[in-house]
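Peer 1: Have a look at this one.
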Amino acid sequence: MIYQTTIKGMGDQVEAFVGEGIFVTFGDNAPDTLKDFCYSVEVTPVQGEIKPGNKLVIDGQEYKITMVGDVARENLNNLGHVTYSFNGSGECLPGSICVEKTDVPTLKVGSTISITE
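Just so we're aligned, residue 1399 is where the sequence shown starts under the numbering used here, counting upward by one.
In structure tokens form, the structure reads like this:
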């Protein structure tokens, strides 16, 4: 297990990003301008490198990680902050973890997010 956390809360506008093929997590110290658009998570340590070929697992459903942004691991480890992108190939922004193209999963309070090899 490289990383694991649980959704503690969700902003009023989290659905706004679903059409963009993404969702965003943040620990308790999300900026006010982002709080409404983020899922609140426990900040937990990242154990090792996150790399293409790893699996993002959300409530037991696996998604293949295709690209990892340059600061994604550091932000996730320190702030619980990362953008998960389900857009498949193309650009992966520095703070993003990109997975195969698919629909963004439905998340709720209590949902689990993990990254495995």
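Beta carbons are placed, not taken as given, at the ideal position from N, Cα and C, and that holds for glycine.
Tell me whether the beta-carbon of E1498 lies closer than 8 angstroms to the beta-carbon of K1453.
Peer 2: no
Peer 1: Which residue or residues does DSSP assign as beta-bridge partners of M1408?
Peer 2: Y1437
Peer 1: Where does G1458 land, buried or exposed, given buried means 16+ other C-beta within 10 angstroms?
Peer 2: It counts as exposed.
Peer 1: Does the structure place the segment 1465-1472 close enough to the segment 1418-1438 that three or more beta carbon pairs sit under 8 angstroms?
Peer 2: no
Peer 1: Which of helix, strand or coil does DSSP assign to F1415?
Peer 2: Under the three-state reduction of DSSP, F1415 is assigned to helix.
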